[in-house]
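Residue 333 is where the sequence shown ends in this note's numbering, and the numbering goes up by one at each step.
Heads up, the thing below is written out as structure tokens.
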Amino acid sequence: MTESATRAAYDAVAVLYADLFRTYLDDLPLDRSLIAAFADLVRDRGPVADVGCGPGQITAFLHSLGVDASGVDLSPAMLAQARADHPHLSFAEGTMTALDLPDASLAGVVAWYSTIHLEPAELPEAFAEFHRVLAPGGHLLLAFQSTDGDAPEPFDHKVVRAHRRPIGYLAGIARRAGLTEVARLLRRPDENEHSPAGHLLLRKPSG
């Protein structure tokens, strides 16, 4: 799916999406704990970018945990929702395959269900960008729809076509981009989900 198609699809549903997901973390204690653990790793080490931030709920949660967090998204309508809900935070338009950020400028990057719309050929570009903007020792936290199988699977996401991907598949792309795996978790779907939830914590080596 092209970036322009993804942008248009999310622009069209931004208000509804923000209403649906504004408090969704309240019912996911394990996900909150993972984000909190990430916050412990990056707090006071520098800024963090929430890439594909949507209406900003993860950005705001990180901020509540003492993280210097800002959001990036390709959808202007989503960014309008984020700024309305979180006027004290910074949000910018951008794409994860070409981040408008200096090299080695971030203590952390979060991509929370935002890599799912990337086509296979775009994934190495995105992970190379994550590696580029992370400072040595910086961390990357990913969440994504996963699968119990060995191969990626396209699926009809409610907004725009997306991909389920095995944890090992994404870990391999991250490794080839120069990132080291710290931890992985596959959470079984709850009653509102149709896929296992994959999580990866990665680190840019210090030396």
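Here a beta-carbon is modelled for each residue, glycine too, at the ideal position from N, C-alpha and C.
Determine, using beta carbons only, whether residue i and residue j come nearer to each other than 7 Å.
i    : j    : result
G220 : D226 : yes
L160 : H320 : no
A224 : V198 : no
F253 : I299 : yes
A175 : L232 : yes
A309 : L296 : no
G264 : S332 : no
I242 : Q271 : yes
H257 : A303 : yes
Name the DSSP beta bridge partners of residue i, please?
i    : result
L267 : V236, L327
V174 : A195, G234
T221 : A224
P280 : H289
Kindly indicate the opening and closing residues of the alpha helix (DSSP H) around residue i.
i    : result
R158 : 155-168
H189 : 183-190
H214 : Careful: H214 lies outside any alpha helix (DSSP H) and carries neither H nor E.
H257 : 249-259
Helix, strand or coil for residue i, going by three-state DSSP, please let me know.
i    : result
E307 : strand
R209 : helix
L312 : strand
P322 : coil
In terms of residues, what are the limits of the beta strand (DSSP E) holding residue i?
i    : result
R301 : Premise fails: R301 lies in the alpha helix (DSSP H), 293-302, not in any beta strand (DSSP E).
R290 : 288-290
Nearest to residue i by CA position, among the options, is which residue?
i    : options                : result
A323 : A210, D157, V174       : D157
V177 : L268, R171, F164, R209 : L268
L249 : M222, V308, L151, P331 : M222
W238 : R169, Y150, L305, P262 : Y150
A202 : D229, A134, R301, T241 : Just to set this straight, residue 202 is Pro in the shown sequence, not Ala. The shortest C-alpha separation from P202 is found at A134.
D316 : L146, E129, G180, L154 : L154
R329 : S196, L266, D166       : L266
Any beta carbon from chain B within less than 7 Å of residue i's own beta carbon?
i    : result
L227 : Any reference to chain B falls outside this structure, which holds one protein chain only.
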